[in-house]
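Data block below; observations after.
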Amino acid sequence: MEHKEIVIGVDIGSRKICAIVAEFKEGILRIIGTAHQDSKEINSKAIKRGRINSLAHASNAIKEVINSAKKMAGLNADEDRNNPISSFRESYHPKTKAIVSFSGAYTESIRDVTGVASTKDNVVTIDEINRAINNACAKAGLDNDKHILHALPYRFTLDKQEVNDPLGMSGTRLEVFIHIVYTEKNNIENLEKIMIQSGVEIENIVINSYAASIATLSNDERELGVACVDMGGETCNLTIYSGNSIRYNKYLPVGSHHLTTDLSHMLNTPFPYAEEVKIKYGDLSFEGSTETPSQSVQIPTTGSDGHESHIVPLSEIQTIMRERALETFKIIHRSIQDSGLEEHLGGGVVLTGGMALMKGIKELARTHFTNYPVRLAAPVEKYNIMGMFEDLKDPRFSVVVGLILYKAGGHTNYERDSKGVIRYHESDDYTRTAHQSSPTPHIHSSPTERNLSDLKASSTPLNTAKNDDFLPIKPTEQKGFFKSFLDKISKIF
1 MEHKEIVIGV DIGSRKICAI VAEFKEGILR IIGTAHQDSK EINSKAIKRG
51 RINSLAHASN AIKEVINSAK KMAGLNADED RNNPISSFRE SYHPKTKAIV
101 SFSGAYTESI RDVTGVASTK DNVVTIDEIN RAINNACAKA GLDNDKHILH
151 ALPYRFTLDK QEVNDPLGMS GTRLEVFIHI VYTEKNNIEN LEKIMIQSGV
201 EIENIVINSY AASIATLSND ERELGVACVD MGGETCNLTI YSGNSIRYNK
251 YLPVGSHHLT TDLSHMLNTP FPYAEEVKIK YGDLSFEGST ETPSQSVQIP
301 TTGSDGHESH IVPLSEIQTI MRERALETFK IIHRSIQDSG LEEHLGGGVV
351 LTGGMALMKG IKELARTHFT NYPVRLAAPV EKYNIMGMFE DLKDPRFSVV
401 VGLILYKAGG HTNYERDSKG VIRYHESDDY TRTAHQSSPT PHIHSSPTER
451 NLSDLKASST PLNTAKNDDF LPIKPTEQKG FFKSFLDKIS KIF
């Protein structure tokens with residue numbers, strides 16, 4: 001029987017939880033299920049800025065999303081024991097593993113840490129690379145209550161000469177330069193508890209900005225240098241690449257939620273109505289929208305229980321939003337300047353995440369980032385993936401798609417991951433089979449980390465509905481799709 005592996009990518013955010021179920025079969029990555037809940041359905045006690053605030057509330061929300069995605073994929077045998085396809089697949093995959101996102105709000109980083117290892121027999125093997133990276137991690141001097149999520153190499157020297165990929169080269173002294181991202185161990189332990197209660201086991205943890213960059217950036221952008229900004233509901237997360245390596249990451253406590261808060265306070269209207277105003281009338285275009293200044297909007301007044309309302313000019317609404325968005329870009333720009341890498345952004349600034357869907361945001365960003373190009377990015381721009389539903393071709397889902405691609409080999413070459421495993425590729429670009437090495441000298445390859453260059457686009461998208469800002473999708477309601485999916489699978493088996 002041919003080998004199959006099921007993996008789930010789970011993106012946990014304050015304003016949205018989403019999951020993708022993917023199947024690795026005969027070297028092909030295929031998405032077979034997806035679901036999400038937006039801010040209206042997530043209990044505010046569960047998650048705040050991506051951090052778990054209540055084990056019970058968070059596990060319920062995450063479990064519901066995962067189960068919906070698994071149901072679409074036909075993996076819930078306990079709910080449909082008479083379905084031979086579902087029963088077969090569930091029995092064949094007794095334990096579901098997940099690649100889970102982690103909020104940059106609760107991480108710290110250490111830049112420019114070095115580690116050294118001497119070679120045996122004058123040849124660099126994966127063992128020497130492993131030891132050099134682990135020595136660098138030890139040199140960082142983190143306390144025992146800290147957990148390394150990513151140790152990301154960006155430079156190697158062999159006998160004091162710089163090399164791109166040292167594996168297999170002759171030499172005696174290997175030195176590696178790495179960027180470390182870490183968090184408190186308690187944060188990891190709480191996340192593990194949540195996922196176990198949700199019925200899945202954590203295979204790996206990836207910070208959200210890193211996952212978003214995997215799904216959206218081109219090889220050229222990473223090589224030239226690029227700032228990728230994942231713009232969410234309550235946070236923005238910045239990742240800067242230079243020379244095809246991550247050199248800087250930063251959490252910024254601003255997001256689209258703050259635009260809604262400003263509207264609510266300054267227009268004296270309840271928050272839910274301010275959110276509706278933002279979605280319906282928001283336009284960040286620097287020159288303003290095509291609407292005339294004389295147009296106005298009637299909105300409920302705070303404290304009146306909907307019995308009173310007042311009228312505000314449309315121009316005032318757009319000015320409030322534009323000013324907050326400009327402030328957001330100023331904060332992002334200051335972080336880019338603080339990185340010391342501003343002069344190395346030949347690839348410009350790439351915006352993704354839910355806030356990137358707001359009308360006019362690219363035009364506004366260009367008025368601020370005048371020295372380099374700005375583009376909006378969604379996962380569809382980078383990879384063709386079998387089963388890539390139309391709903392996923394959306395900046396809101398860059399992180400969750402990136403989680404699946406991380407598993408498939410989209411990670412940094414020779415990265416030490418959240419499990420302490422060195423993940424590596426056979427050549428200097430990752431459009432081919434990837435492997436992983438355990439922290440011990442034992443080396444093994446993973447059949448699920450594979451060539452991404454031959455993936456084919458799906459000819460049967462989930463739907464082609466317009467992607468409105470922060471509006472939910474309910475994939476489990478696509479009954480026609482689900483039925484046709486089972487019909488196709490039944491023919492295979």
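Everything in the sequence shown is counted per full-length UniProt numbering, starting at 1 for the first residue and increasing by one.
In this text, a Cβ means the ideal position worked out from N, Cα and C, and glycines have one as well.
Just so we're clear, the structure is a prediction, and the values are computed from it rather than from any experiment.
{"Item": "Excluding the 5 residues preceding and the 5 following N237 in the sequence, name in chain order all residues of the same chain whose CB lies nearer than 6 Å to its CB.", "Value": "G104, N208, S209, D230, Y251"}
{"Item": "Judging by CA-CA distance, which residue of D394, F389, V312 is the nearest neighbour of Y351?", "Value": "In the sequence as presented, Tyr is not what sits at residue 351; that position holds Leu. The residue with the shortest Cα to Cα distance from L351 is D394."}
{"Item": "With DSSP as the reference, label H411 as helix, strand or coil.", "Value": "coil"}
{"Item": "Apply the 10 Å Cβ neighbour rule to V10 and answer buried if 16 or more other Cβ atoms are within range, or exposed otherwise.", "Value": "buried"}
{"Item": "The alpha helix (DSSP H) spanning N208 covers which residue range?", "Value": "208 to 216"}
{"Item": "Taking the continuous alpha helix (DSSP H) assigned at K362, which residues delimit it?", "Value": "361 to 368"}
{"Item": "In whole angstroms, what is the alpha-carbon distance linking C18 and I202?", "Value": "15 Å"}
{"Item": "Below 8 Å on the Cβ atoms is my contact criterion, and I expect V254 with L263 to pass it. Report the Cβ-Cβ distance as a whole number of Å.", "Value": "Contact flag wrong, Cβ pair sits at about 15 Å."}
{"Item": "Please confirm whether H310 and I317 have their CB atoms less than 9 Å apart.", "Value": "no"}
{"Item": "Hey, V401 and A215: beta-carbon distance below 9 Å or not?", "Value": "yes"}
{"Item": "Leaving out five residues before and five after H365 in sequence, what residues of the same chain have Cβ atoms less than 8 Å from its Cβ?", "Value": "Checking the sequence shown, residue 365 turns out to be Ala, not His. Excluding sequence neighbours, A365 sits near F329, V349, L351, V374."}
{"Item": "Sorted by chain position, which residues of the same chain lie with C-beta nearer than 7 Å to A140's C-beta, five sequence neighbours on each side aside?", "Value": "I110, V113, I180"}
{"Item": "If we ignore side chains and look at the alpha-carbon of each, how far apart do I12 and K63 end up?", "Value": "11 Å"}
{"Item": "Could you tell me how far apart the beta carbons of I148 and R416 are, in whole angstroms, since I believe they sit closer than 8 Å?", "Value": "7 Å"}
{"Item": "Taking the straight line between their C-alpha atoms, what separation do you get for S418 and L403?", "Value": "13 Å"}
{"Item": "Going by C-alpha distance, which of H265, S315, C228, L376 is nearest L357?", "Value": "L376"}
{"Item": "Starting from the C-beta of R131, find all residues in its chain whose C-beta is less than 7 Å away, skip the five residues before and the five after it, and write them out in chain order.", "Value": "A117"}
{"Item": "If I178 sits next to Y154, beta carbons under 8 Å apart, how far is it from one beta carbon to the other, in whole angstroms?", "Value": "7 Å"}
{"Item": "Assign D338 to one of three DSSP states: helix, strand, or coil.", "Value": "helix"}
{"Item": "For the putative contact between G354 and S256, defined by C-beta atoms under 8 Å, what is the C-beta separation to the nearest angstrom?", "Value": "6 Å"}
{"Item": "From Y92 to F271, what distance separates their C-alpha atoms?", "Value": "Confidence at Y92 is low in this model, with a pLDDT of 42, below 50, so the placement of that residue should be treated as unreliable; the coordinate-derived value is given next. Answer to the nearest angstrom: the Cα atoms are 47 Å apart."}
{"Item": "Could you give the DSSP three-state label for I317: helix, strand or coil?", "Value": "helix"}
{"Item": "Tell me, to the nearest whole angstrom, how far the beta carbon of L152 is from that of T412; I am working on the premise that it is less than 8 Å.", "Value": "5 Å"}
{"Item": "Pick out whichever of L284, T119, N268, E275 has its Cα sitting closest to the Cα of D305.", "Value": "N268"}
{"Item": "With distances taken from CA atoms, which of L29, P166, T34, E26 is nearest L392?", "Value": "T34"}
{"Item": "For S398, tell me which candidate among V312, K362, S213 has the shortest Cα-Cα distance.", "Value": "S213"}
{"Item": "Whole angstroms is fine: what's the gap from V7's alpha carbon to D159's?", "Value": "41 Å"}
{"Item": "Give the range of the beta strand (DSSP E) segment to which A19 is assigned.", "Value": "16 to 25"}
{"Item": "In this structure, does DSSP put residue 526 in helix, strand or coil?", "Value": "The chain is shown from 1 up to 493; residue 526 falls before or after that span and cannot be answered."}
{"Item": "Just to check my reading of the structure: E363 and S285 have Cβ atoms closer than 8 Å, yes? What is that Cβ distance to the nearest angstrom?", "Value": "5 Å"}
{"Item": "Which residues does DSSP list as the beta-bridge partners of E162?", "Value": "T157"}
{"Item": "Can you look up Q298 in the DSSP assignment and give me helix, strand or coil?", "Value": "strand"}
{"Item": "Checking 9 Å against the spacing of the C-beta atoms, do L55 and I188 come in under that value?", "Value": "no"}
{"Item": "Starting from the Cα of G409, find the closest Cα among E192, I66, I99 and give me that residue.", "Value": "I99"}
{"Item": "Under 9 Å between the Cβ atoms of V226 and H150?", "Value": "no"}
{"Item": "With DSSP run on the structure shown, which of helix, strand or coil describes D11?", "Value": "strand"}
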